Structure formats: C-alpha cells, structure tokens
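I have placed the structure first, in the form of structure tokens, so that the comments after it can refer back to it.
Right under this line is the structure:
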C-alpha cells in the first residue's frame, strides 16, 4: 500500500510539473495522477489517498535507520502534496481524520508509544509545532514561498538545537539570542551589496549552523554549543529578512512579529519538557516534517485562488449533490432494485427524457467480404 501511495504521489508530482506547475495552486487544474478513468471525473485518486495514507504512517513508525526514516518521511510529504493538489474538500477532511484515528489506536495498542516522557511533553511539542508553523500564514502573506522556505529552515535548526539550548544557562542563552540578532543584522547589511544577497546570506548561515551542529555532536565545548545556538537563532531573523526582501518594506510588521513569536517560542521550549521530548533524531525529523506539511497547507490555502473558490461554493455543490442523490434513489422503485440495481436503459425508459444521452449506438450491416453485422458505439464529444 505504501509503495502504491508513493507511485501515485510521484505521478501527481510529474503531472503538476508537466501541466500547471509544481507550485501553481491558482489554476483550476485538479490532479488525476495515474488513474486514467478520472479524465471524465470521479474520485479514484481521492479514495486511494485516504485509504493508503495510514499505511504510510505505519511504515514510517516501524522502519529503522535514518535513511529509511528519511525515505518514509519524504513519502508522507509527497502524499500530502498529492492530496493538496486534488483540491478535494473530502480528502482534506479524510487525511487528518484517518491519521488521527490511526495514531490513537497505535498509542493504545503499543505501550512503547504510551507516555514514556508523558503526555505533557507530547502536548508541549505540539504547542511548539503550532507556534512555529502557525506563523507560516504571516510569513507567506509577505514573503511568499521563499520566505516560508527560509522560515522552515530556521525552524528545523531550532528543533535540532533545542537539547543544546536547554544545556545553556539562562544568561548564556540570552547572550546567544543577542549575539544571533547582531550577527543576522551584520549579515543582512552585507547582503545588500550582493546579487540576491538575502538568499545567499541565509543559505550561508544555514551552512554554518549545520557545520557547528555536526561538530557539536562529538564535542562538549561550551563555545561550540553557544555558537550553534546563536546561529540557529540568527536564522530566524535572516528568514524575516528574506521575507522583507521579497515583499518589500510596506507591511513589514507582520513578518517581524512572526519572527519574534518564533524566537520567544524557542526560548520557552528550551526551558520546558519539549527539549527533552525532542532529544531523539526521530522526533526531530517528524516534527520538522509536520511543520513542512502545515506550511504547505497554509501556502495552498493562502496562495491558491482556486481553493478559495472551491470552499466558497461548498454549499451550492452540496445542494447539487443532494439533488443528484435524491434523483438516483427515486429510480429504485422496487425491493429488487435495491438488491440488484437497475440498468441504464431500463432507467432511461421510466424516467424523464429531458437529459442528454451520453452516447449513441448504430447497427452497421456486413460488407461484401463478411456478412456479419456489428454495432458501433460512440460517446458524446467531451472537452
């Protein structure tokens, strides 16, 4: 099931890249992936995504090794992208409900997923996730996809750095915060004289943080921990600078407030049970993946005009479907109809003839070479 989900998700990504564009969520193009029968409508892809998504979650929880975890996390992200591009309101509701039911049952059945660190730590991690990814709306409104990606990079750095931040005394943590902001301001000034300076400086800061984080794994030097923490905090200010570069200075209050909220949430989380709960790389990977999924959802909701139209016509679409379902049920007049169903021809003779026929048929006589007659069927032209 997980393999099939990966094939369907890759098909959706290929289709989006070939037609509207991978990040174009405003065109009225709904993904069909490799389900050929959906060229005239239907919900084959919707149903498959909803049914297969919990299997991908189960696989991601059961695999061992960093490479396998990275691959399954990528599979979950691709499945979420495919679900977003269907623009199906049913899928948007089915995926989180199915994931929630699966996780609740998994926790109840497997004692390893019970409160090893306590439900309090789990709720604290969820609160930090919402604090970090909830501001995606503010960043995306001003900085677009570039600002959102930059903030996601900063969020990942903060999540990985939380255990180290917890080991720092309060005074050193405050000094690291001030040092990070000063360093980010200095880098932003340098970026003004470079082509695409804010993007280059943000990537450079992230590379410096990654190097320090790698060195910190095998070192107990307080200076290395301090430098890695300061660089992770500087990435947040750098992400705000990327948003300002893309959206301009008007309306800069919104991304600035978002950056302040992320910094405050990081400081709070480093002094709570969240830092202990995120000590393992598996928990960190899943938290960053969840933030990426939430960011993708926010970008589609805010940046996609077509999805807004879909939600605006929810009531009208539901009324139309209710009328269609009622008309279909009215055709079933006898108990045998409910058991065996009714053919289209029999239904057509006993119902109104005001609807257009979806196709036609014609008898063709045999030729001189063969006396066998045959029936030629032709569907109505569609666009």
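Residue numbers (the working numbering): 19 to 401. Glycine residues also receive a C-beta, built at the ideal position from the N, C-alpha and C atoms. These numbers come from a predicted model, not from an experiment.
What is the rounded straight-line gap between the Cα of residue i and the Cα of residue j?
i	j	result
residue 198	residue 244	10 Å
residue 268	residue 161	12 Å
residue 342	residue 64	20 Å
residue 371	residue 349	Summary for residue 371: the model assigns pLDDT 49, below 50, so the residue's position carries little reliability; its value from the coordinates is reported in the next sentence. Computed Cα separation, rounded: 13 Å.
residue 61	residue 101	12 Å
residue 247	residue 331	48 Å
residue 163	residue 57	30 Å
residue 192	residue 165	26 Å
residue 306	residue 49	26 Å
residue 103	residue 320	14 Å
residue 201	residue 227	13 Å
residue 239	residue 174	23 Å
residue 194	residue 231	15 Å
residue 352	residue 23	41 Å
residue 402	residue 214	There is simply no residue 402 to check, as the chain begins at 19 and stops at 401 in what is shown.
residue 211	residue 19	52 Å
residue 333	residue 383	51 Å
residue 279	residue 285	10 Å
Kindly list the residues whose CB is nearer than 7 Å to the CB of residue i, restricted to its own chain and excluding five residues on each side of it in sequence; keep chain order.
i	result
residue 262	270, 273
residue 316	154, 155, 158
residue 234	182, 242, 243, 246
residue 264	161, 162, 164, 165
residue 381	391, 393
residue 314	98, 99, 102
Can you give me the Cβ contacts of residue i inside the same chain, cut-off strictly under 8 Å, excluding the 5 residues immediately before and after it?
i	result
residue 121	75
residue 3	Look at the range of the chain in this structure, 19 to 401, and you will see that residue 3 is not part of it.
residue 51	26, 27, 29, 30, 33, 63, 100
residue 311	94, 95, 98
residue 91	78, 303, 304, 307
residue 325	43, 105, 318, 319
Bridge partners of residue i, per DSSP?
i	result
residue 380	394
Cutting at 6 Å between CB atoms, please list the residues of its own chain near residue i, excluding the five before and the five after it.
i	result
residue 206	259
residue 328	105
Between residue i and chain C, is the shortest Cβ-Cβ distance under 8 Å, so that the two count as touching?
i	result
residue 94	Of the chains in the structure shown, none is chain C; there is only one protein chain.
field: Any 3 or more C-beta pairs closer than 8 Å across the stretch 65-72 and the stretch 107-118
entry: yes
query: Contact between the stretch 213-225 and the stretch 243-260: three or more CB pairs below 8 Å?
result: yes
Residue ranges of each beta strand (DSSP E) within the stretch 46-85, 3 or longer: none
Complete runs of the alpha helix (DSSP H) confined to the stretch 161-246 [at least 4 residues]: 188-209, 215-235
- request: Go through the stretch 259-297 residue by residue and report every complete run of the alpha helix (DSSP H) that reaches 4 residues or more, in order.
  value: 271-288, 291-295
query: Below 8 Å, can you find three or more Cβ-Cβ pairs linking the stretch 85-94 to the stretch 37-51?
result: no
task: Specify whether the stretch 280-298 and the stretch 166-185 touch according to this definition: at least 3 beta carbon pairs, one from each stretch, less than 8 Å apart.
output: yes
field: Every unbroken alpha helix (DSSP H) inside the stretch 293-355 [4 residues or more]
entry: 299-321, 323-330, 332-349
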